[in-house]
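Protein chains in written order, with full-length UniProt numbering: chain S, 1 to 248; chain P, 1 to 387.
Glycine is no exception: its CB is placed at the ideal position from the N, C-alpha and C atoms.
Just so we're clear, the structure is a prediction, and the values are computed from it rather than from any experiment.
Working notes, beginning with the structure itself.
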Amino acid sequence: MTEEKWTVKFVIFRKKGDQPPRYDSYVLEVDPDEYVIDGVERIWAFHDRSLIFAHACHHSTCGACGMRVNDVEKLTCITKIRDVTTNGGSLKIEPLRNFPIIGDLVVDMTRMYAAMDRVHAKAVHPLSAAPLEGEGIRPPKDVPRNNGDEYLRLADCIECGLCISACPVAGTAENYLGPAVLAAAQLQGLKHNPDLLDLVDCADGLWRCHSAYECTAVCPSNVDPGWRIMDLRRQVVGERIKRWFVKA
Amino acid sequence: MSKLHAIVIGAGFTGVAIAHDLALRGFAVTVVERGPIVNGTSGRTHGLLHSGARYAVNDQESAIECIQENQILRLIVPDAIEPNGGLFIGITDEDMAYREKFIEGCAACRIPIKELTPQEALRLEPNLNPKLQTAFTVPDGTFDPLRLALAFAASAKSNGAVFHLYTDVVDLLTDGQGNIVGVKAWDRATDKRFEIRGDIVVNATGAWVGHITSMAGISVPITPTPGVMVAYDQRLTQRAINLLNKPGDGDIVLPQRRMMVVGTTSFTIEDPDYVPVYEDHVQLMIERGSNLIPALRQTKERGAYMATRPLIGASAPGRSISRTFKAYDHKETDNVEGLVTITGGKATTLRLMAEKTVDLICKKFNLNIPCTTAETPLLSYRKFYVN
Ligand SMILES: Cc1cc2nc3c(=O)[nH]c(=O)nc-3n(C[C@H](O)[C@H](O)[C@H](O)COP(=O)(O)OP(=O)(O)OC[C@H]3O[C@@H](n4cnc5c(N)ncnc54)[C@H](O)[C@@H]3O)c2cc1C
Ligand code: SF4
């Protein structure tokens, strides 16, 4: 951070109950190295106590603070103001798309949680199941072990919903499982979880994906859902062929 | 007989754990929270599931609570915890002077520790400061704050608790004689105001408890004491790394997902509604953190944040105040019936704080219903959204 001060106009999407939506503007003096969520929280603290927005951990482990910042999905707690606007510039802050709006910047992400639940996505898993290639520890072939036991870690996917908001298909197909969910199925593997096959290999599953890769572009947490969906397709084809042979 | 109705103000760790315990013991529960779940201090904690070793020398009451609750939480909410243990490492001679006291303290508090040679420690965690002179294993863990809280909230909800999120308590309802009979609420999602009546109001607003009690003309002795934490963009250890010395600033570095998080500092303030992340505190975190794990210096900052401890004690300075919690029945302390305040404590002891508070509430109503939260596995956090 620096002693630098910027003036930035926050243009915030507002909506209460049945009232029509509107945009409210607030001009803030900010340090450009502050994060977008800091500005939003200050608007609540010092300018307008009626504003509602979702947030919790402020360091990208919980996934609560996803918003659209100048038309792009961002996890606002790790998005520096410097990286999304300029001194004298503005920041348009809107709720995520493809989820019902609860009010202002808050959406109801039940759609995603329910689907994550259906594919029983793991919240915590062994290091070997989700290796951290080249990420400061040894590569996956040599996963460190805790005196013979597996180390466990929290999954990469923080269920922030950014990928579902950015996905062009999720916008038109309400029941589409969505990138995070398909990625969670891929990570578990169909070989070891055959019950997932019918769930993902259906009209609202992975064949709906148009390979736009918007999900991968916005994912703040190293999941790369676009790549995982393509890999899941290979897994599905493999499993189908295997089953066909078993039947025959 | 119809159920007794409890209104819980605040859905931080304290509030959600109390809601769960009350619902299990048969109360009708309404939670009123001005933001989303754990938007206050709880969401922004460091994330250390304390083994208690940090407090084993100076605050054994806290240490014993921590080790007991640590073992319970691992069993009832595995969904939110990285259970990989921790290390206390001694680097300087001054750290080594703390070694004896540390061993004795952990023994007194029944915290299982094992001393490792520097070579053994570096084999387990190659990124530790290679100058370390000793290391002890401890049963620390890391938690995801939102998922930890949501698991309690989901379980409360499945037992009938109702959550009003984005809803401020703007005043307390009285019976005309100063006793509390409910709350006035403002739902900011729909901009609607309404009243909720209940048999008991539980003030679980952490650093904000004084705001709520002042609505009843009561003050409580708590000092809002914030601290800064910084997250870095790489996972450099599997265990929580602590400095073997008396608790100080920036002496814990935790792994979480693919990150490391260094914390924390400690200073006192008046109003906890907004506290900036001070640049000099961020600098201090990298200084202190890289004493434990030098590679942090080459790692990119991912986030910087702060949270405010609700420490008990009127004006005593930051770290020396006892971290255990207090539940006040305002009938006893201020002759105001219908209001209980709970504050202090730690994330690690959230279940125990709830147990003690609900014990107190049951006693007020002459109920003899035992607490079962220690034996009751929590629902998946996703069940808060999915029925
Ligand atoms: C820097 C720091 C690091 C920490 N690290 C750890 C750690 O690693 N491990 C650990 O075990 N503990 C840790 N703690 C301690 C732990 O985080 C706290 O003890 C705990 O989060 C307090 O929870 P709470 O529910 O009492 O308060 P809060 O989480 O602050 O909850 C209070 C809630 O009340 C709500 N509220 C306030 N006013 C109103 C109103 N008028 N109407 C409705 N709702 C209202 C707020 O929005 C808030 O959500 C840390 C604390 C700090 C400050
Ligand atoms: S896949 Fe990435 S963008 Fe999608 S919910 Fe998970 S973390 Fe968020």
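Residue-level contact to chain S via CB, P:Asp171, 7 angstroms cutoff: Within the second sequence, residue 171 of chain P is the residue found at index 171, counting from 1. Cβ-Cβ to chain S under 7 angstroms: no for P:Asp171.
Just to confirm, does P:Ile9 get its C-beta within under 6 angstroms of one of the non-hydrogen atoms of ligand 1? For the purposes of this step, residue 9 of chain P is identified with residue 9 of the second sequence, where counting begins at 1. P:Ile9: yes, Cβ under 6 angstroms from ligand 1.
Buried versus exposed call for residue 265 of chain S [16 or more other C-beta atoms within 10 Å across all chains shown]: Residue 265 of chain S lies beyond the stretch modelled for chain S, which goes from 1 to 248, so this question has no answer here.
Under the DSSP definition of a beta bridge, which residues are partnered with P:Tyr328? For this step, residue 328 of chain P is matched to residue 328 along the second sequence. Looking at the DSSP output, P:Tyr328 sits in a beta bridge with P:Thr341.
Rounded to the nearest angstrom, what separates P:Asp93 and S:Leu127 at their Cα positions? Start at 1 with the first residue of the second sequence, and residue 93 of chain P comes out as number 93. Start at 1 with the first residue of the first sequence, and residue 127 of chain S comes out as number 127. One C-alpha to the other measures close to 35 angstroms.
Please decide whether S:Cys160 counts as near chain A, where near means a Cβ-Cβ distance under 7 angstroms. Protein chains S and P are contained in the structure displayed, whereas chain A is not.
Using a Cβ-based criterion (distance less than 6 angstroms to any ligand heavy atom), does P:Ser290 qualify as near ligand 2? Here residue 290 of chain P refers to the residue found at position 290 when the second sequence is read from its first residue. False, no ligand heavy atom lies under 6 angstroms from that Cβ.
Below 8 angstroms on C-beta distance, what does S:Phe46 contact in chain P? What you label residue 46 of chain S is simply residue 46 of the first sequence in a count that begins at 1. Residues of chain P whose Cβ lies closer than 8 angstroms to the Cβ of S:Phe46 are, in chain order, Tyr274.
Residue-chain proximity (P:Asn39, chain S), Cβ-Cβ < 7 angstroms: Counted from its first residue, the second sequence places residue 39 of chain P at position 39. By this cut-off, P:Asn39 is an interface position.
Say whether chain P places a C-beta atom closer than 7 angstroms to the C-beta of S:Thr110. To locate residue 110 of chain S, count along the first sequence from 1; it is residue 110. So, interface residue.
Suppose you measure from the CA of P:Gly210 to the CA of P:Pro221; what does that come to, to the nearest Å? On the second sequence, position 210 is the one that residue 210 of chain P refers to. On the second sequence, position 221 is the one that residue 221 of chain P refers to. In this structure, the straight-line span from the alpha carbon of P:Gly210 to that of P:Pro221 is close to 8 angstroms.
With a threshold of 16 other CB atoms inside 10 Å of the CB of P:Arg197, please say whether the residue is buried or exposed. Position 197 of the second sequence, counted from the first residue, corresponds to residue 197 of chain P. If you draw a 10 Å sphere on the C-beta of P:Arg197, you find fewer than 16 other C-beta atoms in it, and that means exposed.
Of the residues P:Asp334, P:Asp171, P:Asn387, the one placed nearest P:Ile218, counting alpha carbons only: In the second sequence, counting from the first residue as 1, residue 218 of chain P sits at position 218. From the listed residues P:Asp334, P:Asp171, P:Asn387, the smallest Cα separation to P:Ile218 is found for P:Asp334.
For S:Asp195 and chain P, any beta-carbon pair shorter than 7 angstroms? For the purposes of this step, residue 195 of chain S is taken as residue 195 along the first sequence, with counting starting at 1. No, because no Cβ of chain P sits closer than 7 angstroms to the Cβ of S:Asp195.
Contact defined as beta carbons within less than 8 angstroms: I believe S:Ser165 pairs with S:Leu96. What is the distance between those atoms, to the nearest angstrom? Locating residue 165 of chain S in the first sequence gives position 165, counting from the first residue. Locating residue 96 of chain S in the first sequence gives position 96, counting from the first residue. With 8 angstroms as the limit, S:Ser165 and S:Leu96 qualify as a contact, their Cβ atoms being about 4 angstroms apart.
Would you say S:Gly103 faces chain P, with C-beta separation under 7 angstroms as the test? Stepping through the first sequence from its first residue, residue 103 of chain S is reached at position 103. Taking Cβ atoms only, chain P reaches closer than 7 angstroms to S:Gly103, which makes this a yes.
Any chance the CB of S:Val72 is under 6 angstroms from a heavy atom of ligand 1? As a working note, residue 72 of chain S is residue 72 in the first sequence. Shortest gap from the CB of S:Val72 to any heavy atom of ligand 1: 6 angstroms or more.
Check whether the stretch 224-236 of chain P touches the stretch 277-291 of chain P, counting contact only when three or more Cβ pairs, one atom from each stretch, lie closer than 8 angstroms. Under the three-pair Cβ rule at 8 angstroms, the stretch 224-236 of chain P counts as touching the stretch 277-291 of chain P.
Boundaries of the beta strand (DSSP E) in which P:Ala28 is found, first to last residue: Here residue 28 of chain P corresponds to residue number 28 of the second sequence, with the count starting at 1. Its beta strand (DSSP E) spans residues 28-32.
With a threshold of 7 angstroms on Cβ separation, who are the neighbours of S:Leu152 within its own chain once the five nearest residues in sequence on each side are excluded? To locate residue 152 of chain S, count along the first sequence from 1; it is residue 152. Within the same chain, S:Leu152 has close Cβ partners Val124, His125, Pro126.
So with Cβ pairs under 7 angstroms, would you call S:Ile12 a contact of chain P? Numbered from its first residue, the first sequence carries residue 12 of chain S at position 12. So, not an interface residue.
Minimum C-alpha distance to P:Val183 - residue among P:Ala11, P:Ile7, P:Tyr381: Residue numbering aside, residue 183 of chain P sits at position 183 when the second sequence is read from its first letter. Of the listed residues, the one whose Cα sits closest to P:Val183 is P:Ile7.
Consider the C-beta atom of P:Glu120 and the heavy atoms of ligand 1; say whether any pair is separated by less than 6 angstroms. Position 120 of the second sequence, counting from 1, holds the residue named residue 120 of chain P. No, Cβ of P:Glu120 sits at least 6 angstroms from all heavy atoms of ligand 1.
Quick one: Cα of S:Leu196 to Cα of S:Ser211, how far? Taking the first residue of the first sequence as position 1, residue 196 of chain S is located at position 196. Taking the first residue of the first sequence as position 1, residue 211 of chain S is located at position 211. Whole-angstrom Cα-Cα distance: 21 angstroms.
For P:Gly141, list the residues DSSP reports as bridge partners. Along the second sequence, one-based indexing puts residue 141 of chain P at 141. As DSSP reads the structure, P:Gly141 sits in a beta bridge with P:Leu49.
Cβ of P:Asn84 less than 7 angstroms from any chain S Cβ? As a position in the second sequence, residue 84 of chain P is number 84, starting the count at 1. Yes, contact with chain S.
Inspect the CB distances between the stretch 231-238 of chain P and the stretch 351-366 of chain P and report whether three or more fall short of 8 angstroms. No, the stretch 231-238 of chain P does not touch the stretch 351-366 of chain P.
For S:Lys16 and chain P, any beta-carbon pair shorter than 7 angstroms? Counting from 1 along the first sequence, the entry for residue 16 of chain S is found at position 16. Chain P contact via Cβ: present.
Below 8 angstroms on the Cβ atoms is my guess for P:Ile252 versus P:Leu48; work out the distance and round it to an integer in Å. What you label residue 252 of chain P is simply residue 252 of the second sequence in a count that begins at 1. What you label residue 48 of chain P is simply residue 48 of the second sequence in a count that begins at 1. With 8 angstroms as the limit, P:Ile252 and P:Leu48 qualify as a contact, their Cβ atoms being about 6 angstroms apart.
Please report the distance separating the alpha-carbon of P:Asp329 from that of P:Asp59. The sequence position of residue 329 of chain P within the second sequence is 329, counting from 1. The sequence position of residue 59 of chain P within the second sequence is 59, counting from 1. For P:Asp329 and P:Asp59, the distance between alpha carbons rounds to 25 angstroms.
For a test of your reading of the model: does the CB of S:Cys160 fall under 6 angstroms from any non-hydrogen atom of ligand 2? Yes or no. Position 160 of the first sequence, counted from the start, is the residue given in the question as residue 160 of chain S. Yes, since a heavy atom of ligand 2 falls inside the 6 angstroms radius drawn around the Cβ of S:Cys160.
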